[in-house]
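S.K.:
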Amino acid sequence: IRQPQQATFSATVSRVGIASIALGVAVGIVALSVLFGFKDTIYQKVFLFGSHIQVSKLSLNQSFEESPILLHTPVFDQWQKIPGIRHRQAVAHKAGILKTPDELQGAVIKGVGRDYDWDLLKESLVEGRPIQFSDTSYAEEIILSRVIAQKLNLKVGDNVVMYFVQNPPRVRKLNIVGIYETNLEEFDNQLVLGDIGLVQRLNGWGADSVGAYEYFVNDFDQLESSAKTLYGQLPADMRMERVTDRFRPLFEWLQLLDQNTSVLLVLVLFVTCFNIASVLLVMMMERTPMVGLLKTLGSPNTQIRRIFFFVGIQLSVKGLIIGNLIGIGLCWVQSRFKIIPLDATNYFMNTVPIVFDWKAILLLNAGIILLIALILLLPTMIISRIRPVQALVFKK
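Residues in the sequence shown are numbered from 446 upward in steps of one, following our numbering.
1. Return helix, strand or coil for T545, following the three-state DSSP convention.
2. Using a Cβ cut-off of 9 Å (strictly closer), state whether N795 contacts chain C.
3. Identify, in the order they occur along the chain, each residue of the same chain with its Cβ nearer than 7 Å to the Cβ of I799, setting aside the five sequence neighbours on each side.
4. I'd like to confirm the pairing. Which residues does DSSP put opposite L636 in its beta bridges?
5. Whole angstroms is fine: what's the gap from D802's alpha carbon to Q499's?
6. Shortest alpha-carbon distance to A805 belongs to which of S512, A467, I474?
7. What's the gap between the Cα of H538 and the Cα of I641?
8. Suppose you measure from the CA of E406 to the CA of N769; what does that come to, to the nearest Å?
9. Have a look at A584, H497, P824 and flag the residue whose alpha-carbon is nearest the alpha-carbon of R531.
10. For the region 451-523, which segments carrying the beta strand (DSSP E) assignment without a break, of at least 3 residues, lie completely within its bounds, in sequence order?
11. What do you reckon, are the CB atoms on G764 and A467 nearer than 9 Å?
12. Can we say the region 603-614 touches the region 666-682, given the rule of at least three CB pairs closer than 8 Å?
13. Whole-angstrom Cβ separation of R591 and I554, contact assumed at under 8 Å?
14. Nearest-angstrom Cα distance between F492 and W563?
15. For a test of the three-state rule: what should DSSP assign to A687, helix, strand or coil?
16. Alpha carbons only, please: which of F782, R691, G677, I487 is nearest the one belonging to L565?
17. Using C-beta distances below 6 Å, list every residue in its chain close to I850, excluding the 5 sequence neighbours before and after it, in chain order.
18. Have a look at L516 and F609 and give me their C-alpha separation to the nearest angstrom.
19. To which residues does DSSP link T796 through a beta bridge?
20. Would you report the Cα separation of F755 and A476, rounded to the nearest angstrom?
21. Excluding the five sequence neighbours on either side, which residues of its own chain have a C-beta within less than 6 Å of the C-beta of G649, listed in chain order?
22. Just to confirm my understanding: we take F521, look at its own chain, exclude 5 residues before and 5 after, and list those with CB closer than 6 Å. What are they?
23. Going by DSSP, what residue range makes up the alpha helix (DSSP H) through V713?
24. Tell me, please, whether the region 625-635 touches the region 569-589 by the rule of three or more beta-carbon pairs shorter than 8 Å.
25. Below 8 Å on the Cβ atoms is my contact criterion, and I expect V605 with T545 to pass it. Report the Cβ-Cβ distance as a whole number of Å.
26. Buried or exposed: where does F494 fall if 16 or more other Cβ atoms within 10 Å of its Cβ makes it buried?
27. May I ask which residues mark the beginning and end of the beta strand (DSSP E) holding L658?
28. Whose C-alpha, out of I771, K600, L636, P519, is nearest the C-alpha of G541?
29. Look at the alpha carbon of G774 and the alpha carbon of F793, and state the distance between them as a whole number of angstroms.
30. State the beta-bridge partners of M607 as determined by DSSP.
31. Measuring straight from C-alpha to C-alpha, what distance separates L535 and D603?
32. I'd like the span of the beta strand (DSSP E) that includes L572, first residue to last.
33. So for S654, helix, strand or coil by DSSP?
34. Let me make sure I understand the geometry here. Which of S579, E731, P528, I767 has the alpha-carbon closest to that of D664?
35. Please report the distance separating the alpha-carbon of V797 from that of A789.
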């Protein structure tokens with residue numbers, strides 16, 4: 446039995462509407478997941494060596510030589526009283542030169558202690574292990590970046606000599622226990638992780654002196670609030686620096702990505718809503734005889750409009766379900782198997798990152814269905830202009 450041409454055309458139009466909504470939802474989910482994944486990956490790399498908030502001695506010195514501050518101060522020991530702070534650690538920096546028989550490389554050693562948050566290093570530690578601290582002296586172990594290791598032709602387990610330019614000059618033979626990679630030039634080209642006890646010994650500091658405090662917040666969106674509270678508790682001879690100020694160009698670039706994604710989502714929503722409104726309009730014009738018959742039988746315009754409105758909502762829900770399955774499925778495949786690679790030189794990572802922000806996905810679905818519901822009110826207003834006599838004549 447062959448289906449009527451009208452029914453076949455109507456089914457085709459419905460499929461087009463469902464497909465357009467599904468495509469729009471899938472594109473929106475993929476765009477959000479990639480954006481959040483990209484930002485999260487960059488944040489983790491920056492926070493590995495940058496922290497959220499850094500507190501150091503107030504000084505006009507712009508070199509890597511830090512002025513010592515006491516380790517045990519109220520702002521450091523009583524950090525749990527500061528709202529929003531989840532962790533704090535003491536660090537110290539010192540510049541030097543790494544030397545092998547054939548090569549030289551300038552570097553800055555970042556001294557860390559037992560309070561260092563090693564969980565941040567897990568994703569970026571590509572070889573080796575974290576530093577194992579000694580109970581009697583400082584650990585003669587360091588973690589290099591892959592960039593420095595390749596320049597000096599070093600690997601995990603090798604020893605390297607590091608010269609520290611001071612009066613008198615100091616030399617230390619250090620063992621490489623790990624290699625990290627962030628793909629951020631600010632870190633990979635110069636930073637080396639070591640024991641804070643080494644920096645203290647080189648600078649002639651005691652165990653109660655450090656170069657800076659580093660603080661991490663629970664919610665990065667609340668960074669400003671936590672920073673203001675912390676700043677109010679600092680002594681007059683200390684200064685505070687947010688990570689958004691230290692790496693301002695990087696964070697401005699990430700904000701630009703937010704704007705680009707917002708423009709993309711607006712365009713996707715516009716096209717999706719336009720398509721579903723066009724589909725409903727075609728279906729209404731196709732069923733003009735039915736509308737005329739219903740009006741002849743006494744059906745009010747409101748009731749007929751409600752019928753087409755719910756038909757449009759039904760198509761939209763089907764499109765949303767299919768779009769979510771496609772979008773989430775594609776993101777899961779990329780997250781699980783890392784199919785799409787990236788050039789780490791330009792994008793700071795090897796593959797397209799994915800982070801599922803379920804709140805954002807739910808808001809996307811809610812926004813699409815709400816916008817479609819509002820758009821559907823426009824084509825259904827045509828029903829009030831259809832006259833029963835003309836509709837029945839058209840049917841004939």
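Quick reminder that beta carbons are idealized off the backbone N, C-alpha and C, glycines included.
Bear in mind that the values here come from a model prediction, so they are computed numbers and not experimental data.
M.R.: Short version:
1. Walking along the sequence shown from the start, residue 545 turns up at place 100. Three-state result, T545: coil.
2. Of the protein chains in this structure there is only one, and it is not chain C.
3. Stepping through the sequence shown from its first residue, residue 799 is reached at position 354. So the qualifying residues of the chain are S478, V479, G482, C776, Q779, S780.
4. The sequence position of residue 636 within the sequence shown is 191, counting from 1. Answer is V553, bridged to L636.
5. The count along the sequence shown starts at 1 and reaches residue 802 at position 357. The count along the sequence shown starts at 1 and reaches residue 499 at position 54. Straight-line Cα distance between these residues: approximately 29 Å.
6. Position 360 of the sequence shown, counting from 1, holds the residue named residue 805. Cα-wise, what sits closest to A805 is I474.
7. By 1-based counting over the sequence shown, the position of residue 538 is 93. By 1-based counting over the sequence shown, the position of residue 641 is 196. Each residue's alpha carbon lies about 8 Å from the other.
8. With the chain represented from 446 up to 841, any question about residue 406 goes unanswered, as that position is not in the structure.
9. Along the sequence shown, one-based indexing puts residue 531 at 86. Of the candidates A584, H497, P824, the one whose C-alpha sits nearest the C-alpha of R531 is H497.
10. Every beta strand (DSSP E) stretch that sits fully inside the region 451-523 and reaches 3 residues is listed by chain position as 498-502.
11. Reading the sequence shown from its first residue, position 319 is the one you call residue 764. Reading the sequence shown from its first residue, position 22 is the one you call residue 467. Yes.
12. No, because fewer than three Cβ pairs between the region 603-614 and the region 666-682 fall closer than 8 Å, the two stretches do not touch.
13. Here residue 591 corresponds to residue number 146 of the sequence shown, with the count starting at 1. Here residue 554 corresponds to residue number 109 of the sequence shown, with the count starting at 1. No, R591 and I554 are not in contact; Cβ-Cβ is about 17 Å, not under 8 Å.
14. Within the sequence shown, numbered from 1, the residue matching residue 492 stands at position 47. Within the sequence shown, numbered from 1, the residue matching residue 563 stands at position 118. So the two alpha carbons sit approximately 12 Å from each other.
15. As a position in the sequence shown, residue 687 is number 242, starting the count at 1. A quick correction: the sequence has Arg, not Ala, at residue 687. Of the three classes helix, strand and coil, the one that applies to R687 here is strand, per DSSP.
16. To locate residue 565, count along the sequence shown from 1; it is residue 120. Among F782, R691, G677, I487, the Cα nearest to that of L565 is on I487.
17. Outside the shown range of the chain, which is 446 to 841, sits residue 850, and nothing can be said about it.
18. The residue you call residue 516 lines up with position 71 of the sequence shown. The residue you call residue 609 lines up with position 164 of the sequence shown. Approximately 23 Å, taken between the alpha carbons.
19. Your numbering for residue 796 matches position 351 in the sequence shown. Its beta-bridge partners are P786.
20. Stepping through the sequence shown from its first residue, residue 755 is reached at position 310. Stepping through the sequence shown from its first residue, residue 476 is reached at position 31. Each residue's alpha carbon lies about 29 Å from the other.
21. Residue numbering aside, residue 649 sits at position 204 when the sequence shown is read from its first letter. If we look at G649 and ignore the five residues flanking it on each side, it has no Cβ neighbours.
22. Position 76 of the sequence shown, counting from 1, holds the residue named residue 521. Correct list, in chain order: Y658.
23. Taking the sequence shown and counting its residues from 1, one reaches residue 713 at position 268. Looking at the DSSP string, the run of the alpha helix (DSSP H) that includes V713 is 693-731.
24. yes
25. For the purposes of this step, residue 605 is taken as the residue at position 160 of the sequence shown. For the purposes of this step, residue 545 is taken as the residue at position 100 of the sequence shown. The pair is a contact, with the Cβ atoms about 6 Å apart (cut-off 8 Å).
26. For the purposes of this step, residue 494 is taken as the residue at position 49 of the sequence shown. Burial call: buried.
27. Within the sequence shown, numbered from 1, the residue matching residue 658 stands at position 213. Before going on, a small fix: residue 658 reads as Tyr here, not Leu. Segment 657-662, the beta strand (DSSP E) holding Y658.
28. The residue given as residue 541 occupies position 96 in the sequence shown. Taking only the C-alpha atoms, the option nearest G541 is L636.
29. If you number the sequence shown from 1, residue 774 lands on position 329. If you number the sequence shown from 1, residue 793 lands on position 348. Spanning the two alpha carbons is a distance of roughly 25 Å.
30. The residue labelled residue 607 in the question sits at position 162 within the sequence shown. L543, R617, per the DSSP bridge assignment.
31. To locate residue 535, count along the sequence shown from 1; it is residue 90. To locate residue 603, count along the sequence shown from 1; it is residue 158. For the record, residue 535 in the displayed sequence is Ala; it is not Leu. A535 and D603: Cα-Cα distance of roughly 28 Å.
32. Counting from 1 along the sequence shown, the entry for residue 572 is found at position 127. The residue you asked about is not Leu; residue 572 is Glu in the sequence shown. For E572, the uninterrupted beta strand (DSSP E) segment begins and ends at 570-573.
33. Against the sequence shown, residue 654 aligns to sequence position 209. Strand.
34. The residue you call residue 664 lines up with position 219 of the sequence shown. Nearest C-alpha to D664: P528.
35. Here residue 797 refers to the residue found at position 352 when the sequence shown is read from its first residue. Here residue 789 refers to the residue found at position 344 when the sequence shown is read from its first residue. Cα to Cα, the separation comes out at about 10 Å.
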